[in-house]
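Scroll down for the structure; my scribbles are underneath it.
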Amino acid sequence: MRIPLRSPKRRAVAAALGAVLFGAFIGAAPSARAEADDPVVSVPPAGEHGFPFLAAAEDLGSFGYTENEYFISGTAHSYAKAGLWGSDGRWNVRESGTAAYKTRLLVRRPTDPAKFNGTVVVEWLNVSGQLELSPDYWFERDELLREGYAWVGVSAQAVGVNGGLGEIHGLKGWDPERYGTLVHPGDAYSYDIFSQAGRALRAPDGPDPLGGLKVRTLLADGESQSAGFMTTYADAVQPVAKVYDGLMVHSNSAVGAPISGELADTLTMPNPSRIRTDLPVPTFVVLTETDVPLASAARQPDTGSVVHWELAGTSHGDQWAYDLGDPTLKKSAGSAAPAPDCRAGTAPFNDGPGHYSMNAALRHLASWARGGARPPSGAPLDTALRDPRTGLATGGVRLPDVTVPTRTLTGLRNLGLGDGVFCGLYGARDPWNGDKDAWDRHDAGDPSDPSFPPTAEPVLSRLYPTHAGYVGKVQAAAQRSVDGGYLLPEDAATIVKTAQDSGIGG
1 MRIPLRSPKR RAVAAALGAV LFGAFIGAAP SARAEADDPV VSVPPAGEHG
51 FPFLAAAEDL GSFGYTENEY FISGTAHSYA KAGLWGSDGR WNVRESGTAA
101 YKTRLLVRRP TDPAKFNGTV VVEWLNVSGQ LELSPDYWFE RDELLREGYA
151 WVGVSAQAVG VNGGLGEIHG LKGWDPERYG TLVHPGDAYS YDIFSQAGRA
201 LRAPDGPDPL GGLKVRTLLA DGESQSAGFM TTYADAVQPV AKVYDGLMVH
251 SNSAVGAPIS GELADTLTMP NPSRIRTDLP VPTFVVLTET DVPLASAARQ
301 PDTGSVVHWE LAGTSHGDQW AYDLGDPTLK KSAGSAAPAP DCRAGTAPFN
351 DGPGHYSMNA ALRHLASWAR GGARPPSGAP LDTALRDPRT GLATGGVRLP
401 DVTVPTRTLT GLRNLGLGDG VFCGLYGARD PWNGDKDAWD RHDAGDPSDP
451 SFPPTAEPVL SRLYPTHAGY VGKVQAAAQR SVDGGYLLPE DAATIVKTAQ
501 DSGIGG
């Protein structure tokens, strides 16, 4: 039997949403840039493959969604620093150049307009692997599709369009017939291209990428390398472009991406680069356990416009995102699809609660951007101080996978010979790689007691002598997370059901 989970916060959010009027939040209006600089929207040709790169492998129709691709073209502006930039993120810029561009938008939206919730999530597609990925779509997929968001992936950076290292030479190399007319003048222009993508969604010049859906809230989103660009976008570009109603910065580091778009100029960026606190639109920074050791240098107190979560037991990439993303990449790239470069036989990927946290963060941000309550703050995470019994980090936002543990979840893995850098980003899960002697001391037994087996199952039996006891602990932990605002009721119900269906305990 499923036991109901209360959500007073969600009721409050629903009431707030019902009271909010369009445009009530300061800064939500599009930029007043000259109309000639707004992009023209067009429809791409079918091309050799007949579908866009990064087209979803899953059946979006079964969720009531459709997927389409559009081109936008126009004149983009680059920016340069104006005055001194400090770690407070209050960065002034001046326009420094113009260039023609043509790029693409990948759009997933509800087929039935009545199912659209009014919010569009615009993701800065990630190009760390030298081809385009949509990591936050994968992390947030359940919340996006069940709640009726529209999602738009923007090919904002040059390597995604023009190509770089690897077998997939950008969109143009993957399908010249479809993408051969695209033009990207370089990452100095990526910030304005991302702004123009937002303007094209609000007021398209040409075919409407949203099929007539009326936009209430436009959210910018980026993970990993894209989050570095999002940091700089929030601090330097959003104040002058004024396109987005809220910003999601997921897994950034301590330093923002250079405004010049040149990697070598990273050394000229303020270290650390914090989020400016005078923006009239909210910014939500979410860090996984993988990110905290480097990103913690940019920690700052939460304010009325900036909130941070640091997620215990999570990783930069994880099993959930890989399971959704790998079929999508294989659909487009086939055998050339990259995979995390881990040796065979190493620890499996982290399968922790990162996606549940991102679901909750997205719903919070959407409400907050419409004038709703600020999300709750998250405690700082200590990745160095670990529970000796479980190997889990201490502090941070702690969902039931961490508070009622069944395995060690870490954001880092011990890399060995043959492991590449991307392997480390997927963290690890391990059945109790903590100090086994500490378990014996915890049980007040003899550390040399041979009855303490070094396997996961007996440890779980010690922790949870009965199945009902285990389920009860999970249910209580899920309710605490819901009441605290860190877990959505729908996801809490899934977690409890998974515990009920498990064989854990006794």
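Numbering (the UniProt record's numbering), first residue to last: 1 to 506. Where is the CB? At the ideal position from N, CA and C, for every residue including glycine.
Practice item. Inspect the CB distances between the stretch 325 to 344 and the stretch 404 to 422 and report whether three or more fall short of 8 Å. Key: These segments touch.
Point to revise | Endpoints, the alpha helix (DSSP H) within which residue 400 is located | key: In the DSSP annotation of this structure, the continuous segment of the alpha helix (DSSP H) that includes residue 400 starts and ends at 400 to 403.
Check your understanding: Does the distance from the CB of residue 325 to the CB of residue 426 come in under 8 Å?
Key -> Residue 426 is positioned such that its CB atom lies no closer than 8 Å to that of residue 325.
Exercise for review: Starting from residue 356, follow the alpha helix (DSSP H) in both directions and report where the run begins and ends.
Suggested key: Run containing residue 356: 354 to 369, per the alpha helix (DSSP H) assignment.
Practice item. Please confirm whether residue 313 and residue 392 have their CB atoms less than 8 Å apart. Key: Closer than 8 Å, so yes.
**Study point:** Stretch-stretch touch, CB-based, cutoff 8 Å, three pairs: the stretch 83 to 101 with the stretch 117 to 129
**Key:** In short, these stretches do not touch, since the Cβ pair count stays below three.
Review point. Less than 8 Å separating the beta-carbons of residue 513 and residue 273?
Key: This structure gives no information on residue 513, because the portion of the chain shown stretches from 1 to 506.
Check your understanding: residue 142: buried (16+ other C-beta within 10 angstroms of its C-beta) or exposed?
Key -> Looking at its Cβ environment, which holds 16 or more other Cβ atoms inside 10 Å, residue 142 is buried.
Check your understanding: From 407, 260, 284, pick the residue whose C-alpha is nearest to that of residue 185; which is it?
Key -> Looking at the Cα atoms, 260 is the closest of the given residues.
**Study point:** Rounded distance between the beta-carbons of residue 53 and residue 182, thought under 8 Å
**Key:** So it is not a contact: roughly 11 Å between Cβ atoms.
**Study point:** Minimum C-alpha distance to residue 397 - residue among 354, 371, 135, 407
**Key:** Considering only alpha carbons, the answer is 354.
**Study point:** Range of the contiguous beta strand (DSSP E) that encloses residue 102
**Key:** From DSSP, the beta strand (DSSP E) with residue 102 extends over 93 to 110.
Review point. If residue 140 and residue 362 are in contact, beta carbons under 8 Å, what's the gap, nearest whole angstrom?
Key: Their Cβ separation, rounded to whole angstroms, is 5 Å, which keeps residue 140 and residue 362 in contact under 8 Å.
Check your understanding: Ends of the beta strand (DSSP E) at residue 428?
Key -> According to the DSSP assignment, residue 428 belongs to the beta strand (DSSP E) that extends over 428 to 430.
Review point. Between which two residues does the beta strand (DSSP E) containing residue 69 stretch?
Key: Its beta strand (DSSP E) spans residues 65 to 81.
Check your understanding: Do residue 162 and residue 225 come within 8 Å of each other at the CB atom, strictly closer than that value?
Key -> For residue 225 and residue 162, no; Cβs fall outside 8 Å.
Review point. Where residue 249 and residue 358 are concerned, what is the direct C-alpha to C-alpha distance, given to the nearest angstrom?
Key: Their backbone Cα atoms lie some 11 Å apart in a straight line.
Review point. From what residue to what residue does the beta strand (DSSP E) around residue 492 run?
Key: Annotation: residue 492 is outside any beta strand (DSSP E); the continuous alpha helix (DSSP H) that includes it extends over 489 to 501.
Review point. Is it buried or exposed for residue 268, if we count other Cβ within 10 angstroms and need 16 for buried?
Key: Counting Cβ neighbours within 10 Å, residue 268 comes out exposed, since fewer than 16 surround it.
Check your understanding: residue 308 by DSSP, collapsed to three states: which one?
Key -> Assignment of residue 308 by DSSP, reduced to helix, strand and coil, places it in the strand class.
Check your understanding: What are the start and end residues of each continuous beta strand (DSSP E) run of 3 or more residues lying completely inside the stretch 243 to 280, in chain order?
Key -> Restricting attention to beta strand (DSSP E) runs no shorter than 3 residues, the stretch 243 to 280 encloses them at 246 to 250, ordered along the chain.
Exercise for review: Leaving aside the five residues before and after residue 327 along the sequence, list all residues of the same chain whose C-beta is less than 6 Å from its C-beta, in chain order.
Suggested key: Result list for residue 327: 57, in chain order.
Point to revise | Cutoff 6 Å; reference residue 165; Cβ partners in own chain excluding five residues on either side | key: Within the same chain, residue 165 has close Cβ partners 130.
Review point. Can you round the beta-carbon distance between residue 177 and residue 155 to whole angstroms, since I take them to be within the 8 Å contact cut?
Key: Not confirmed; about 17 Å, so no contact.
Check your understanding: Which two residues bound the contiguous alpha helix (DSSP H) that contains residue 62?
Key -> For residue 62, no alpha helix (DSSP H) segment is defined, and its DSSP state is neither H nor E.
Review point. Which residues bound the beta strand (DSSP E) around residue 152?
Key: Secondary structure note for residue 152: its beta strand (DSSP E) is the uninterrupted segment 150 to 154.
Practice item. Indicate the three-state DSSP secondary structure (helix, strand or coil) for residue 509 in the structure shown. Key: Nothing can be reported for residue 509, as the shown portion of the chain is limited to 1 through 506.
Check your understanding: Under 8 Å between the Cβ atoms of residue 147 and residue 106?
Key -> Against a cut-off of 8 Å, the Cβ pair of residue 106 and residue 147 comes out as no contact.
Check your understanding: Buried or exposed: which applies to residue 23, given that a residue is buried once 16 or more other Cβ atoms fall within 10 Å of its Cβ?
Key -> At residue 23, the pLDDT of 29 sits below 50, so the modelled position is not reliable; the number obtained from the coordinates is stated separately. Exposed is the call here.
Check your understanding: On the premise that residue 347 lies in contact with residue 428, defined as a C-beta separation below 8 Å, what is that separation, rounded to the nearest angstrom?
Key -> Sure, about 4 Å apart at Cβ, within 8 Å.
Exercise for review: Under 8 Å Cβ to Cβ from residue 99, same chain only, skipping five residues before and after it: list those, please.
Suggested key: These residues qualify, in order along the chain: 75, 76, 78, 185, 186, 189.
Exercise for review: Measure the C-alpha to C-alpha separation of residue 503 and residue 46 and round it to an integer number of angstroms.
Suggested key: Going from the Cα of residue 503 to the Cα of residue 46 covers about 50 Å.
Check your understanding: What distance in whole Å lies between the Cβ atoms of residue 281 and residue 308, which are believed to be in contact at a cut-off of 8 Å?
Key -> The beta carbons of residue 308 and residue 281 sit about 16 Å from each other, so the pair does not count as a contact at 8 Å.
Check your understanding: In three-state DSSP terms, what is residue 142?
Key -> Here residue 142 sits in helix by DSSP.
**Study point:** Residue from 65, 303, 334 whose Cα sits closest to the Cα of residue 167
**Key:** Per the Cα distances, 334.
Exercise for review: Throw me the rounded Cβ distance for the residue 306 and residue 277 pair, which I believe falls under 8 Å.
Suggested key: Rounded to whole angstroms, the Cβ separation of residue 306 and residue 277 is 6 Å, and the two are in contact under 8 Å.
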